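All letters in the sequence shown, in the order written, are residues 1 to 239 by this note's numbering. Data block below; observations after.
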Amino acid sequence: AYREAKARIGRRRRHESTELDLSEMDLTELPESIGDAFALQTLDLSGNRLTSLPESLGHLTELRMLNLSDNQLTSLPESLGLLTQLQTLDVIRNELESLPESLGSLHELETLELGRNHLTWLPESMSQLSQLQTLNLGDNEQISLPNWLAALMNLKVLRLFGNEIVLVPHWISQLAHLEELELFENLLTSLPEALGELTQLQSLELQLNDLTSLPQSMAKLQHLKRLNLDDNPLNPEMA
C-alpha cells in the first residue's frame, strides 16, 4: 500500500494533477514525498490507519480540501498552518487530543469537521478563523466552550452534540448568522434567554437532554423550521 501510494503521488506530481485520492488504502504511514505534489488542491486520505502526518504536508500550499477522516491520528502537524488556501478540513473520527496553534492561520477555512475525537480544549488561535461557516465538535465527550468562539461571526452550522455540556453559554447569542445548532445528547437542564437572539436559526436539535422547560425568548425564532425536543422531561404544556 505504501509503495502504491508513493507511485500515485509520483504520477500526480509529474502530471501536475490537482486531485489525489489515497483513501481506503490501509495506509499506516504517508510518504514524505506527498510534499512534492505542489499542484494538489484536493487530497483524500480518509479511511486509512494513519497515526501521524509528515511535516512535508505543509508544502501543499494550493490545497483547498483535505480529508483526513476515519484514521487514527492523535495530533496534526504544525505545518498544517501553512495551507493558507484550505477551505475544508475534515478530521472526523480520529483520536485527536489536541490541535496545533497554527490552525488559526487557515484564514480561508469555511468548514472544519472535528467530530468524534477526544478533544477537551481548543487553541485560542481558532478565533481568527473569520470565514468559518461550519464547525463540528460533536462527540468529543467533554469539550470546553471558550468565550472566544463568539468571534466566529460567520458561523452558520455549529455541532456540539455528545459533549456532556451542562450549560449553553450566553455568548452564543453573538453568532448572529447561525442557522443550525445541534445540542442533542448533552446534560442540559435549561437554556439561556440569549438563545432567542439567534433570529436566523432554522434547525435546533435538543433531544436527549434533561430540559424541563424552554425560555420564552424562543418565540422570537421566526425562521425555525426544525425543533427536536425528543427524550427530555419537559412539562406537558412545554412539549
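The beta-carbon is built from N, C-alpha and C at its ideal position, and this holds for glycine as well. All values derive from a computational prediction rather than experimental measurement.
- Membership of ARG159 in the beta strand (DSSP E) is indicated by the continuous run 157-159.
- Excluding five sequence positions before and after ASN232, the CB atoms of its chain that fall closer than 6 Å to its own CB belong to ASN209, LEU211, given in chain order.
- Counting along the chain, GLU182 sits inside the beta strand (DSSP E) bounded by residues 180-182.
- Annotated as proximal: GLU97 and LEU119, with beta-carbon spacing under 8 Å.
- Between LEU112 and LEU83, the CB-CB gap reaches or exceeds 8 Å.
- Comparing alpha carbon positions, the residue from GLU55, LEU89, SER102, LEU137 closest to GLY162 is LEU137.
- Under the DSSP assignment, GLU4 falls in the alpha helix (DSSP H) whose first and last residues are 2-15.
- Only residues of its own chain outside the window of five on either side were considered, and among them THR134, GLU180 have a CB closer than 6 Å to the CB of VAL157, listed in chain order.
- Going by beta carbons, GLU193 and LEU160 fall outside the 8 Å limit.
- ASN228 and SER56 have their C-alpha atoms spaced approximately 45 Å apart.
- Going by C-alpha positions, GLU4 is about 54 Å away from GLN222.
- Excluding the 5 residues flanking it on each side, VAL166 has same chain C-beta neighbours closer than 6 Å at LEU187, in chain order.
- Secondary structure of LEU229 (DSSP, three-state): coil.
- By the CB criterion at 8 Å, THR74 and GLU95 fall inside the cutoff.
- If you draw a straight line from the Cα of HIS15 to the Cα of LEU80, it is about 24 Å long.
- Counting only runs of 3 or more residues that sit fully inside the segment 60-85, the beta strand (DSSP E) segments are 65-67, in chain order.
- Counting only runs of 3+ residues, the beta strand (DSSP E) found wholly inside the segment 120-171 occupies 134-136, 157-159, in chain order.
- In the three-state reduction of the DSSP assignment, GLU193 falls in the helix class, which pools H, G and I.
- With a cutoff of 8 Å on beta-carbon distance, GLN87 and GLU110 are scored as near each other.
- Scanning the segment 28-65 from its first residue to its last, the whole beta strand (DSSP E) runs of 3-plus residues come out as 42-44.
- A straight line joining the alpha-carbon of THR61 with that of GLN85 spans about 7 Å.
- Taking every protein chain shown into account, the CB of PHE184 has 16 or more other CB atoms within 10 angstroms, so this residue is buried.
- ALA39 and LEU201 have their C-alpha atoms spaced approximately 39 Å apart.
- Straight across, the Cα-Cα distance linking ASP36 with LEU43 is about 13 Å.
- Classified as exposed, ARG11 has fewer than 16 neighbouring CB atoms from the shown chains inside 10 Å of its CB.
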